[in-house]
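Asks: All residue numbers for the sequence shown refer to my numbering, where the first residue is 309 and numbers rise by one.
Handing you a structure now.
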Amino acid sequence: MKKFSISFLFLLFVMTLFSPPDRTSAYTDYSQHRIITGEFYGEESVNNALQRLMSDTGWWAAYEPARDPIPYYQIYSGDYYNEMAAKERISHFQSSTGFSANYQPAGAPVPYQKIVTGYFYGEENVKRIIQDFTRSTGVNAAYEQTGEYVFKKRLVAEGFAGEDYTKGVIQQFQQSTGISSSYQPTGEYQEYKQFISGEFYDEELIKRVLQEFNTKTGLNANYEPVKYSDGTIISTGWFIGETQVQAIVNQIKKDLGFSARYESAEAGDSFRIIFNPLAGNSLSSATEYLDKKGWWYSLTPSDQKVPISFRIISEETIDIKKLETASVYFNSKNWWSTTISTGKKGPAIYRIVTVPLTENELNKGITYLNQLGIGHSTQITDEKDYSLFRIVTDPVLGIEQVGAFFSKNGWWYTTQATDKVGYAAYKIVTQPLLGNGKSDQALDYFKKNGLYATAVATGDKMNVYRIATGTFWGYENTVANAKMVTNRYGWWTTTEKVLNGPQVMTTNYNMTLAQMLNLQMQKSPQTDKYRNDPAYIYTAYIDPVNNIVTGNDVNIRSGPGTGYEIVAQKDAGFKDFRILGTEGEWTKIYLQFKDAKPADVEYYLNPNNFPSTSNQYFQFLKLSKPANIDVNEVNTKILNSTKGSLSGTAAAFAEAARLYNVNEIYLIAHALHETGNGQSSLAKGVQYNGRTVYNMYGYNAFDSCARDCGAKKAYDEGWFTPEAAIIGGAKLIGSGYIYNPTFQQDTLYKMRWNPIQTWHQYATDIGWAAKQITNMYNLYQLIDNYTLYFDLPVYE
């Protein structure tokens, strides 16, 4: 039953007379909680703690299992093949983990064994192998001669060209290896040859060429005259002072390379320079030099022949490569050259042969030749070498581990048992460790060190308990007591809700109940309390064919006459009535809602009429607190196949609650009430402007035009599916009522009874809030976990 009208002047009047309601209290928690402690190992430990707690506080408490009993484990390692290794590992294990451990024999006693190897060559070699063996295994060993021998070998290297080169290789070989050797010619004899150049007409030039030739070719050579000419003696003019003339002679030697002498005049300190006989280019060079200096000179023929051309001639050699290198050098200069046979023959290729060598010496020589890339072979001699030894170890247990040293190097060995016996292997066994945490820690130690280990349950277990107190009222009270326990005893604590209780606050309306009643009576509140009482309307004010009121402010009375009490007043277009018959000029009708009496209104206004033990108390439930429903549970238990178009729509209600912070249980109850459990025409969908529209909360379904006005509102809002109507209607309820900026109508009571905006009330039916409760209360009984928040009105 809904009716809306707006009076701004009336609102202003009310707000002038009364202060807006205000909250006067925070929530009071009526839930029941208990304190749970941390864990105690063993019944004796927890019982002592329990007795102490009960004695100190006077509380009731008990202990209970905290979890399944914790098993004890022992860690067993893999085998260690000597006692010392097991002891060292235990020491390291204990220092790393803090856990105690011991070792025990693994398997039956076995005899001690010693290893005897095959032979190794060389005393120094066998000493080195024993040193490596002891360092690797910790076992001592000795060596002994086998009495056997091997024949020494010579190392032979072939293919060295030239005797001098071969001698050089032998010298370098001996310096690097300490091995003596000799050389022998090999192959056919070859002719010796000489390299001869063309002629050079400048002695100084041929000297320079010869020097470069020897350096670049490695072929020793000299030069010799080829042609001669009559010589000429150059005599200079006179120079003053012997010191000066000596300096000039030296300068000529330096500049020209020519030798000269000086002689003095018969009298005085004058000297002249006399050149050795010159010819050809030498003579030209000397005269040009003197001309440039501006010195006078004279030329005198000499009876001495002077060479005017020269050639380079090499040593005799059979080294073809050197001769070829010499030819290449001259060709690169565009100079003529040739080679000539000397008629002499000799060996061209040599081989190097060492003295008889031991195996170590032989390997040393081979290594050197391999590094130089020189080919070689060996020759067995009849000289004997007694440098063969075998290794004999101390007797040990776990011979396989010791023998692995020789096996991995590919060395043969055999074992010999002794009379002594002992255990070949040991296992490390830890103390019993409580739980997987400690056993895993111990196993991790072995794993990180690359060692095998396994955990074995001992069969013993440790029971784990916790203390649980009796219940306390309210969360804050319980937390305060839990903190006291932690501070006093050092125990970890937490709280556990035993029974959900309501969270209750109050809102002071700042007016008396009588004042609130007077405000509400001015808004024509309705009730169906008198729905079975007679009602009459003057026949002239209705259209009996269309069952509709035709006039405005038409009075409906308790009897067929104006002398009877007015029970309602309706306007044109109202049709929510049923004609029962006529009595004279009056028509008797069935009218469900009639004007409520002050006593009727006061009953629903007074919160004291609805104690917390009644389901009517739910009209004070805070609708701004979502219930966080389980969608599947609600679809199964509430919105099932019996709920018409609301069947299976729990997800839409949950989404509406999430979007607009509106209690989804209220929305479901509201929708079920307004739609008759999903069976109303607006719930099933009606046509409006060619579209099917839905209205799940009865929005704008006014008394005078419930279907048409409700359909128009749905069309305007775009509610073309049940889900859209559920979510969209929740938005309007939230913004228009629950989060009303003037007065937050976040309970059913406030939605029906607004002390500030009496025109802004969800329904005219005075029992509307109470009628919504039955569905909402019953729905909450189907949910297992929830917390209820209530806001109680307080009148002065």
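Don't be surprised by glycine CBs; every beta carbon is placed ideally from N, CA and C.
Just how far apart, CA to CA, sit residue 322 and residue 824?
Replies: With a pLDDT of only 38 at residue 322, under the threshold of 50, the placement of this residue in the model should not be trusted; the figure read from the coordinates follows. Those two C-alpha atoms are separated by around 10 angstroms.
Asks: Let's see if you can read the secondary structure: which residues bound the alpha helix (DSSP H) around residue 924?
Replies: It is not in any alpha helix (DSSP H) - residue 924 carries neither H nor E in the DSSP assignment.
Asks: Can you find the residues in the same chain that come closer than 7 angstroms, C-beta to C-beta, to residue 1086, ignoring five residues on each side of it along the sequence?
Replies: Excluding positions up to five away in sequence, the list is empty.
Asks: Report buried or exposed for residue 978, applying the criterion of at least 16 other Cβ atoms within 10 angstroms of its Cβ.
Replies: Looking at its Cβ environment, which holds 16 or more other Cβ atoms inside 10 Å, residue 978 is buried.
Asks: Which of helix, strand or coil does DSSP assign to residue 656?
Replies: It is a strand residue.
Asks: Classify residue 773 as buried or exposed, calling it buried when 16 or more other Cβ atoms lie within 10 Å of its own Cβ.
Replies: Flag for residue 773 reads buried.
Asks: So, using beta-carbon positions, are residue 547 and residue 568 closer together than 8 angstroms?
Replies: No, Cβ-Cβ distance for residue 547 and residue 568 is not below 8 angstroms.
Asks: Apply the 10 Å Cβ neighbour rule to residue 995 and answer buried if 16 or more other Cβ atoms are within range, or exposed otherwise.
Replies: Exposed is the call here.
Asks: Spatial neighbours of residue 804 within its chain, please: CB distance less than 7 angstroms, with the 5 preceding and 5 following residues excluded, ordered by chain position.
Replies: Only 341, 342 and 344 meet the Cβ criterion.
Asks: Considering only their Cβ atoms, is the gap separating residue 466 from residue 442 smaller than 8 angstroms?
Replies: No, these two residues do not count as a Cβ contact at 8 angstroms.
Asks: Alpha carbon to alpha carbon, what distance is there between residue 695 and residue 723?
Replies: Whole-angstrom Cα-Cα distance: 23 angstroms.
Asks: Report buried or exposed for residue 373, applying the criterion of at least 16 other Cβ atoms within 10 angstroms of its Cβ.
Replies: Exposed, because fewer than 16 other Cβ atoms sit within 10 Å of the Cβ of residue 373.
Asks: Using 10 angstroms around the beta-carbon of residue 459, count the other beta-carbons present and answer buried if the total reaches 16, otherwise exposed.
Replies: The residue in question, residue 459, is exposed, as its Cβ has fewer than 16 Cβ neighbours within 10 Å.
Asks: Quick check on the DSSP output: the alpha helix (DSSP H) that includes residue 825 runs from which residue to which?
Replies: Note, residue 825: alpha helix (DSSP H), 821-829.
Asks: Identify the continuous alpha helix (DSSP H) that holds residue 453 and give its terminal residues.
Replies: Taken as a continuous stretch (DSSP letters only), residue 453 belongs to no alpha helix (DSSP H), being part of the beta strand (DSSP E) at 449-453.
Asks: With a threshold of 6 angstroms on Cβ separation, who are the neighbours of residue 389 within its own chain once the five nearest residues in sequence on each side are excluded?
Replies: Excluding residues within five positions, the ones whose Cβ falls inside 6 angstroms are 706, 709 and 733.
Asks: Which same chain residues end up closer than 7 angstroms to residue 911 when comparing Cβ atoms and leaving out the 5 residues on each side of it in sequence?
Replies: So the list reads 917, once near-sequence residues are dropped.
Asks: Starting from residue 256, follow the alpha helix (DSSP H) in both directions and report where the run begins and ends.
Replies: This structure leaves residue 256 out entirely; the chain is present only between 309 and 1104.
Asks: Tell me whether the beta-carbon of residue 409 lies closer than 8 angstroms to the beta-carbon of residue 736.
Replies: Yes; because the gap between Cβ atoms is below 8 angstroms, this pair is in contact.
Asks: Identify which residue in 880, 666 and 972 has its Cα closest to the Cα of residue 855.
Replies: That would be 880, whose Cα lies nearest to the Cα of residue 855.
Asks: Give the single residue among 1104, 1075 and 366 whose Cα lies nearest to the Cα of residue 903.
Replies: Residue 1075 is the option with its Cα nearest to residue 903.
Asks: Buried or exposed: residue 972, going by 16 or more other Cβ atoms within 10 Å of its Cβ?
Replies: Burial call: buried.
Asks: Using DSSP with H/G/I as helix, E/B as strand and the rest coil, what is residue 623?
Replies: Of the three classes helix, strand and coil, the one that applies to residue 623 here is coil, per DSSP.
Asks: Per DSSP, residue 532 forms a beta bridge with which residues?
Replies: Residue 532 pairs with 619.
Asks: Just tell me which of 670, 702 and 680 has its CA closest to the CA of residue 688.
Replies: That would be 670, whose Cα lies nearest to the Cα of residue 688.
Asks: Are the segment 628-636 and the segment 501-514 touching, with three or more C-beta to C-beta distances below 8 angstroms?
Replies: Judged by Cβ distances under 8 angstroms, the segment 628-636 makes contact with the segment 501-514, as three or more pairs qualify.
Asks: May I ask you to verify whether the segment 528-539 touches the segment 562-579, counting CB pairs closer than 8 angstroms and requiring at least 3?
Replies: Output reads no: the segment 562-579 does not touch the segment 528-539.
Asks: Say whether chain C places a C-beta atom closer than 8 angstroms to the C-beta of residue 827.
Replies: In summary, chain C is missing from the structure at hand, where a single protein chain is found.
Asks: At 3 residues or longer, and completely inside the segment 767-842: list those beta strand (DSSP E) runs for me, N to C.
Replies: Listed in chain order, they are 772-781, 801-807 and 811-816.
Asks: Residues bridged to residue 372 by DSSP?
Replies: Answer by DSSP bridge pairing, in chain order: 774.
Asks: What is the rounded straight-line gap between the Cα of residue 315 and the Cα of residue 905?
Replies: Residue placement at residue 315 cannot be trusted, given a pLDDT of 35 that sits under 50; what the coordinates show is reported in the next sentence. For residue 315 and residue 905, the distance between alpha carbons rounds to 22 angstroms.
Asks: Among residues of its own chain, excluding the 5 on either side of residue 647, which ones have a beta-carbon nearer than 6 angstroms to its beta-carbon?
Replies: Hits under 6 angstroms: 501, 503 and 631.
Asks: Do you know whose CA, among 473, 895 and 860, lies nearest residue 853's CA?
Replies: When only C-alpha atoms are compared, the closest one is 895.
Asks: With a cut-off of 8 angstroms, do at least 3 Cβ pairs link the segment 538-554 to the segment 609-616?
Replies: Yes, the segment 538-554 touches the segment 609-616.
Asks: Quick one: complete alpha helix (DSSP H) runs, 4+ long, within the segment 479-538?
Replies: Fully enclosed alpha helix (DSSP H) runs of 4 or longer: 511-525.
Asks: Taking the beta strand (DSSP E) that residue 289 belongs to, which residues open and close that run?
Replies: No answer is possible for residue 289: the residues shown for the chain start at 309 and end at 1104.
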